[in-house]
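A quick write-up on the structure given underneath.
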Amino acid sequence: WQEWKPGIARQLAAEGNTVFLDYTAEWCPNCKTIEAVVLNSQEVAAQFAKFGVYPIRVDFTTKDSEIQEELRQHGRSGVPTYVMIPAYKPNEPIVLPEMPSGETVLEALRQAGPSKQRPEFWSTPPNTQPTEAVCR
Numbered sequence: 006w007q008e009w010k011p012g013i014a015r016q017l018a019a020e021g022n023t024v025f026l027d028y029t030a031e032w033c034p035n036c037k038t039i040e041a042v043v044l045n046s047q048e049v050a051a052q053f054a055k056f057g058v059y060p061i062r063v064d065f066t067t068k069d070s071e072i073q074e075e076l077r078q079h080g081r082s083g084v085p086t087y088v089m090i091p092a093y094k095p096n097e098p099i100v101l102p103e104m105p106s107g108e109t110v111l112e113a114l115r116q117a118g119p120s121k122q123r124p125e126f127w128s129t130p131p132n133t134q135p136t137e138a139v140c141r
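Under the working numbering, the sequence shown has 13 at position 8, and the numbering climbs by one with no breaks.
Now the structure itself:
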């Protein structure tokens, strides 16, 4: 997962990268459940790698005002919030349900499409199946 900075998601999308934003917080049990069961599943991880998604974790633990403003821009007031931003379409975010299934995340990914180029941080260890792709 990449580190969030203000404006980074729109910049990456404008440059041709599909971006996934995970707005989360340490005090959010639903966030932790979705991360463990859905976002860290082999199927979702493999498709993120295949599509060259830039996954960004946005830590709202301290209720940062800049993050609060981004949440408002997506029509949300808190966490969990999940947003897919298509490559070359930084102003057309796909806001997912608060408790998405793996299939919901994958459908948003299919709708968004792949990044123009697979980021270097995605790698597939030698002698493994694509579903075991990992993010360095």
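From the three backbone atoms N, C-alpha and C, an ideal C-beta is built for every residue, glycine too.
Which of helix, strand or coil DSSP assigns to residue i
| i | result |
| --- | --- |
| Glu-108 | helix |
| Pro-91 | coil |
| Thr-133 | With a pLDDT of 36 at Thr-133, under the threshold of 50, the modelled position of that residue is not reliable, and no figure is offered here. |
| Arg-141 | Note that Arg-141 scores a pLDDT of 36, beneath 50, so its modelled location is shaky; the value from the coordinates is reported in the next line. Residue state, collapsed to three classes: coil. |
| Tyr-84 | Before going on, a small fix: residue 84 reads as Val here, not Tyr. In this structure, Val-84 counts as coil in the three-state DSSP scheme. |
| Gln-2 | Summary: the structure shown does not reach residue 2, with the chain confined to residues 6 through 141, and so no result is reported for it. |
| Val-58 | coil |
Distance between residue j and residue i (C-alpha atoms, nearest Å)
| i | j | result |
| --- | --- | --- |
| Tyr-93 | Asn-22 | 7 Å |
| Ala-117 | Glu-40 | 20 Å |
| Val-63 | Gly-83 | 12 Å |
| Leu-114 | Glu-48 | 12 Å |
Residues near residue i by beta carbon distance below 7 Å, same chain, minus five either side
| i | result |
| --- | --- |
| His-79 | Thr-86, Val-88, Pro-98, Val-100 |
Own chain partners of residue i with C-beta closer than 8 Å, once the 5 adjacent residues on each side are dropped
| i | result |
| --- | --- |
| Ala-18 | Val-24, Ile-90, Pro-91, Ala-92, Tyr-93, Lys-94, Pro-95 |
| Trp-32 | Thr-66 |
Residue i Cβ short of 8 Å to the ligand MN heavy atom set
| i | result |
| --- | --- |
| Phe-65 | What this structure holds is no ligand at all, so the ligand MN is not there to describe. |
Beta carbon of residue i nearer than 9 Å to that of residue j
| i | j | result |
| --- | --- | --- |
| Pro-60 | Leu-76 | no |
| Ser-120 | Val-42 | no |
Chain-order list of residues whose beta-carbon lies under 6 Å from that of residue i (same chain, five-residue window excluded)
| i | result |
| --- | --- |
| Glu-103 | Pro-85 |
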